[in-house]
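Everything on this sheet refers to the single structure shown next.
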Amino acid sequence: MTASAEGVVKYDPRFEVRPLPLGVQGRIAELNYWRGVLYVNKLIGLGDDGIGYGNISVRVKPTDGLFAITSTQTGHLADLGPEHYAVVTGYDLTGNQLEAYGSFLGPSSEAMTHGALYEDPAIGAVAHAHNTAIWNRAEALGIPATSVDVEYGTPEMAQEMERLLREPRVKEGGILAMLGHKDGIITFGQNLDEAGQIMLEYLHQASPDHWP
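Residue 116 in my numbering is what sits at position 109 of the sequence shown, and the numbering runs on without skipping anything.
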């Protein structure tokens, strides 16, 4: 996979432009807070290659499969508004198709990977960050990992999520390293606080000098 392929949507998107309901906007306010925390800690942002990286999502309601996620090509922005988020309403992991709506841009290129994780009803939030220190020390920190030959945003990556979630230690730990996606780290939990805190805890372990 070349660097130029990073950040490109690889699934077949079915995106409808329409405003986000007030109920969804309430969830996005919480989502935006944690997106800001990850951005400040350079876990989401703009790479040296000029391409944005990282995304975060939250299940809209505990009882449904809808989830709100940062839109594609927003990693470079310090502050996001509701227009920078999309709601995924359906996806076909086998057919590599995804349906979503939002007021501006379509969902992140990693939306299909998030969707695969939300197949587990216990998962309520997912964060995908890039961090060299955590990624390089994944094995030493005991972080489970995807296969090295599986690229981001593909049906194979979604299948990797499903495979790994069948392992108790993966579900308990709430973190994965994406070996085929340089510096890619995914955390997940019952809610945004849990997913976000797991990411920060591993950042502290991998790079203690990061903190003041």
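The C-beta atom is built at its ideal place from N, Cα and C for all residues, glycine as well.
Inter-residue spacing [alpha-carbon to alpha-carbon] between residue i and residue j
i      : j      : result
Arg176 : Ala184 : 14 Å
Ala12  : Gly59  : Note that Ala12 scores 41 on pLDDT, short of 50, meaning its location in the model is unreliable; the coordinates nonetheless yield the value given after this. So the two alpha carbons sit approximately 12 Å from each other.
Ala10  : Asn198 : Bear in mind that a pLDDT of 32 at Ala10, under 50, signals an unreliable position, so the number given afterwards is only what the model happens to contain. Cα to Cα, Ala10 sits roughly 32 Å from Asn198.
Gly180 : Leu84  : 30 Å
Ile51  : Gly113 : 18 Å
Met8   : Tyr209 : Low per-residue confidence applies at Met8: pLDDT is 30, beneath 50, and the placement is therefore not dependable enough to give any value.
Glu23  : Ser78  : 13 Å
Gly191 : Ile35  : 23 Å
Ile193 : Asp19  : 22 Å
Gln80  : Ile141 : 23 Å
Glu106 : Thr161 : 16 Å
Trp41  : Asn143 : 24 Å
Tyr98  : Gly109 : 16 Å
Integer-rounded CB distance, given that residue j should sit under 8 Å from residue i
i      : j      : result
Thr96  : Leu73  : 6 Å
Val65  : Leu100 : Actually they are not in contact, since the Cβ atoms of Val65 and Leu100 sit about 20 Å apart, beyond 8 Å.
Met164 : Val157 : 5 Å
Gly76  : Ala118 : It should be pointed out that residue 76 corresponds to Ile in this sequence rather than to Gly. Their Cβ separation, rounded to whole angstroms, is 6 Å, which keeps Ile76 and Ala118 in contact under 8 Å.
Glu167 : Thr153 : 4 Å
Gly82  : Gly61  : 6 Å
His121 : Tyr159 : About 12 Å; that fails the 8 Å criterion.
Val94  : Leu29  : With 8 Å as the limit, Val94 and Leu29 do not qualify as a contact, their Cβ atoms being about 13 Å apart.
For residue i, the three-state DSSP class (helix, strand or coil)
i      : result
Leu112 : coil
Ala12  : The pLDDT assigned to Ala12 is 41, lower than 50, so where the model puts this residue is not dependable; a value taken from the coordinates is nonetheless given after this. Correct three-state label for Ala12: helix.
Ala136 : strand
Glu158 : coil
Ile51  : coil
Ile130 : coil
Thr153 : coil
Leu171 : helix
Arg42  : helix
Pro28  : coil
Ile58  : coil
Gln104 : strand
Pro20  : strand
Gly82  : coil
Asp165 : The sequence as given places Ala at residue 165; Asp does not occur at that position. Ala165 falls in the helix class under three-state DSSP.
Near the ligand HEM: residue i beta-carbon under 7 Å from a heavy atom
i      : result
Gly102 : What this structure holds is no ligand at all, so the ligand HEM is not there to describe.
Range of the contiguous alpha helix (DSSP H) that encloses residue i
i      : result
Tyr209 : 199-213
Thr77  : No alpha helix (DSSP H) holds Thr77; the beta strand (DSSP E) holding it covers 74-77.
Gly122 : 118-124
First through last residue of the beta strand (DSSP E) which encompasses residue i
i      : result
Glu62  : Going by the sequence as given, residue 62 is Asn instead of Glu. Counting along the chain, the beta strand (DSSP E) containing Asn62 begins and ends at 62-66.
Asp99  : 92-99
Thr194 : 191-196
Ala184 : 182-185
### Task
Decide yes or no for the touch test of the region 42-62 against the region 200-209: beta carbon pairs closer than 8 Å, at least 3 of them.
yes
### Message
Quick test of the definition: if touching needs 3 or more C-beta pairs under 8 Å, does the region 80-98 touch the region 146-153?
### Response
The region 80-98 is not in contact with the region 146-153.
### Task
Taking 8 Å as the threshold, find out whether the region 57-76 comes into contact with the region 119-138 through three or more Cβ pairs.
yes
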